[in-house]
Amino acid sequence: MLQNENAPALIQIRDLAKEFDPQSKNTVEALRDINLDIEEGKFTVLIGPSGCGKSTLLYLLAGFEKPTRGSLLLDGKPVEKPGPDRGFVFQDYALFPWRTVLGNITFGLRSNGWSKADADAKAREYIAMVKLNGFENAFPHTLSGGMKQRVAIARALAYNPRVLLMDEPFGALDSQTRKHMQQELQRILMQTNKTVVFVTHSVIEAVFLADRIVVLTARPGMVKGIIDVNLPRPREYTDDSYLDIREAVLSLLSEEVEKELEMDGM
Amino acid sequence: MLKRKAALAAIPIVIFLLGWEALSRGSLLNPYLFPPPTTILMELGNLFMKGMPAQSALLMHVGMTLWRVLLSVVLGIVAGVIVGVAMGLNRAVYSFFDPLITVLMPIPGIALAPLFIVWMGFGNQTIVSLGVLSAFFPVVYTTVAGVRSVDPQLVRAAQMMGSRPIGVVLNVYLPWAATYVFNGVKLGLARCWMTIIAVEFVAASNWGMGYMIWNAAENLRADVVYGGILLLIVIYFILEKALINRLESRTIARWGMIRQA
Chain W
123 MLQNENAPAL IQIRDLAKEF DPQSKNTVEA LRDINLDIEE GKFTVLIGPS
173 GCGKSTLLYL LAGFEKPTRG SLLLDGKPVE KPGPDRGFVF QDYALFPWRT
223 VLGNITFGLR SNGWSKADAD AKAREYIAMV KLNGFENAFP HTLSGGMKQR
273 VAIARALAYN PRVLLMDEPF GALDSQTRKH MQQELQRILM QTNKTVVFVT
323 HSVIEAVFLA DRIVVLTARP GMVKGIIDVN LPRPREYTDD SYLDIREAVL
373 SLLSEEVEKE LEMDGM
Chain U
82 MLKRKAALAA IPIVIFLLGW EALSRGSLLN PYLFPPPTTI LMELGNLFMK
132 GMPAQSALLM HVGMTLWRVL LSVVLGIVAG VIVGVAMGLN RAVYSFFDPL
182 ITVLMPIPGI ALAPLFIVWM GFGNQTIVSL GVLSAFFPVV YTTVAGVRSV
232 DPQLVRAAQM MGSRPIGVVL NVYLPWAATY VFNGVKLGLA RCWMTIIAVE
282 FVAASNWGMG YMIWNAAENL RADVVYGGIL LLIVIYFILE KALINRLESR
332 TIARWGMIRQ A
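Chains W and U, in that order, are what the protein sequence lines are.
Note that the numbering used here has the first sequence beginning at 123, numbered continuously upward.
Note that the numbering used here has the second sequence beginning at 82, numbered continuously upward.
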């Protein structure tokens with residue numbers, strides 16, 4: 123589970139636990155004993171049954187939540203609060219409705235001391251990268267779901283964070299758009315070499331995108347197993363070699379899904 | 082489509098005015114108490130011309146009231162938004178101000194006029210202070226509600242990108258609350274308008290629509306009273322359409338946060 127190479131991993135998670143309402147009778151143990159290294163430049167997918175705490179783990183990495191126990195290091199420094207060394211892409215986009223596409227993407231740059239002219243120029247590079255040329259001055263409510271998520275990805279990448287955190291970013295899209303966005307994300311990441319931590323409950327999505335898939339158990343979430351996906355990029359959905367990996371992930375998952383159903387008394 | 086609607090809305094008003102005119106001219110209505118609308122319009126014309134070209138009496142009255150209303154509304158909005166944001170963000174500030182506002186808000190501005198006249202005398206200070214107070218309360222209330230309803234994901238997104246707390250307030254909480262604040266401003270403008278006209282009845286010296294109407298009534302000039310009331314309708318209509326609706330269509334409607342009729 124732990125990587126012992128020369129350089130320490132970009133993100134080091136040690137004995138991490140998260141409980142909600144730890145003082146009350148209704149304590150929910152979301153995560154238990156998580157130990158995980160996330161390496162620079164790698165695409166890591168967190169997958170697990172619903173309610174397993176995969177989003178909680180991402181929120182801890184983001185600094186939106188604080189761990190109950192254990193430590194969480196980014197570049198050797200503990201994660202305490204949100205900050206521009208990370209970028210976050212939300213499932214429901216979380217674009218600012220009162221800012222144009224350009225205004226949304228420049229927000230991070232402007233917040234970090236960039237001049238307006240420099241920020242605009244940089245944002246336009248990213249608008250081109252996500253293929254939204256011509257929509258610079260559009261307000262988010264006029265865009266489709268897929269376009270909004272392109273803006274959100276450009277916004278999170280524009281200020282060049284060390285790692286991109288993505289919380290089921292394509293979960294609200296129809297299946298055609300979703301497939302297309304997966305390919306687009308792959309293309310963008312091949313250009314930027316960004317480290318990504320990506321939460322999903324879709325095995326197909328996980329295998330298509332990931333370098334490494336971390337399967338979590340049903341609540342409380344623990345690391346059930348790690349599967350490396352050593353397939354060349356760019357990947358295609360028609361590639362047969364996926365099937366074995368999909369099977370491996372599914373068999374790990376299905377045990378957990380059954381456990382979850384038992385817990386729910388079904 | 083819209084023009085058709087406006088034309089339909091005008092029909093009952095026209096019938097009402099024609100009926101009034103006929104009844105008054107036929108002396109079925111006392112023409113001193115109910116002067117015909119054409120006479121009212123003529124008298125407004127006379128008032129407009131009075132003092133011209135140096136200064137039109139009517140424009141002085143209207144201008145003075147408008148100045149008081151706009152000053153009051155602007156000050157009331159600024160104060161209301163500042164207090165409202167502080168209350169919306171901070172539990173302790175909220176707990177301190179909420180009971181005070183709950184107690185003070187229901188007091189009609191005009192009910193405080195005697196007290197304010199004792200404090201500050203007749204004139205602009207008293208009128209504008211009561212106007213500010215009237216505009217302030219609805220804006221505070223709606224701003225608090227707006228700030229509290231903010232989408233937490235937008236706050237997180239801004240913090241993630243490195244925005245400082247003051248930046249998060251200015252770039253997330255305030256624009257988010259705009260839809261609510263606008264409702265408060267509409268209510269505040271209406272309350273402020275009523276308060277200022279009423280306070281002008283008792284506390285204005287020489288100028289103002291309220292003063293003009295009150296003074297005309299004391300001199301048994303019903304035509305001027307009606308003329309003043311007519312102007313109140315027209316001016317308020319323009320204030321709301323020209324100011325607030327325009328501001329809405331440039332901001333929250335453009336951002337897709339409300340649908341405008």
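All residues carry an ideal CB built from backbone N, CA and C; glycine is no exception.
*asked:* Would residue 379 of chain W and residue 335 of chain W qualify as a contact pair, given that the criterion is a beta-carbon distance under 7 Å?
replied: no
*Same chain only: Cβ atoms within 7 Å of residue 363 of chain W, ignoring 5 sequence neighbours per side*: 353
*Consult DSSP for residue 170 of chain W and reduce its assignment to one of helix, strand or coil.*
coil
_Below 8 Å, how does it come out for the segment 265 to 279 of chain U and the segment 215 to 229 of chain U: are there three or more Cβ pairs, yes or no?_
yes
*Considering residue 334 of chain W, what are the terminal residues of the beta strand (DSSP E) in which it resides?*
334 to 338
*Partner residues on chain W for residue 244 of chain U, Cβ-Cβ distance less than 7 Å*: 233
*Based on the DSSP output, what are the partners of residue 350 of chain W in its beta bridges?*
W:334
*Considering only C-alpha positions, which residue in the set W:164, W:134, W:297 is nearest to residue 316 of chain W?*
W:164
*Where the segment 167 to 188 of chain U meets chain W: residues whose CB sits under 7 Å from a CB there*: none
_When U:249, U:286, U:308 are compared against residue 139 of chain U, the one with the closest alpha-carbon_ = U:308
_Reference residue 303 of chain W; option with closest CA among W:218, W:146, W:187, W:291_ = W:291
*asked:* Starting from residue 191 of chain U, trace the beta strand (DSSP E) in both directions and tell me its first and last residue.
replied: Note, residue 191 of chain U: premise wrong, no beta strand (DSSP E); not H, not E.
_Cβ pair residue 222 of chain W, residue 261 of chain W closer than 7 Å_ = yes
_Sub-7 Å separation of residue 154 of chain W and residue 344 of chain W beta-carbons_ = yes
*Give me the Cα-Cα distance between residue 123 of chain W and residue 194 of chain W, rounded to the nearest whole angstrom.*
Caution applies to residue 123 of chain W, whose pLDDT of 45 falls short of 50 and renders its modelled position unreliable; the value that the coordinates give is listed next. So the two alpha carbons sit approximately 16 Å from each other.
_For residue 247 of chain U and residue 277 of chain U, what's the separation of their Cα atoms in angstroms?_
35 Å
*Where does residue 121 of chain W land, buried or exposed, given buried means 16+ other C-beta within 10 angstroms?*
Beyond the ends of chain W as shown, which are 123 and 388, falls residue 121 of chain W; an answer cannot be given.
*Tell me which same chain residues have a C-beta within less than 6 Å of the C-beta of residue 231 of chain U, skipping the five on either side of it?*
254, 257
*May I ask you to list, following chain order, the residues of the segment 217 to 250 of chain U that have a beta carbon less than 8 Å from some beta carbon of chain W?*
232, 234, 235, 237, 238, 239, 240, 241, 242, 243, 244, 245, 248
*Spatially closest choice to residue 289 of chain W from W:144, W:181, W:158, W:337, by CA coordinates*: W:181
_For residue 159 of chain W, the residue or residues it bridges with in DSSP_ = W:134
*Mind checking the segment 277 to 298 of chain W against chain U and listing, in chain order, the residues whose C-beta falls within less than 7 Å of any C-beta there?*
281
*Please list the partners that residue 267 of chain W has in chain U, where partner means a Cβ-to-Cβ separation under 9 Å.*
The premise fails here: residue 267 of chain W is roughly 14 Å from chain U at the closest Cβ pair, so nothing lies under 9 Å.
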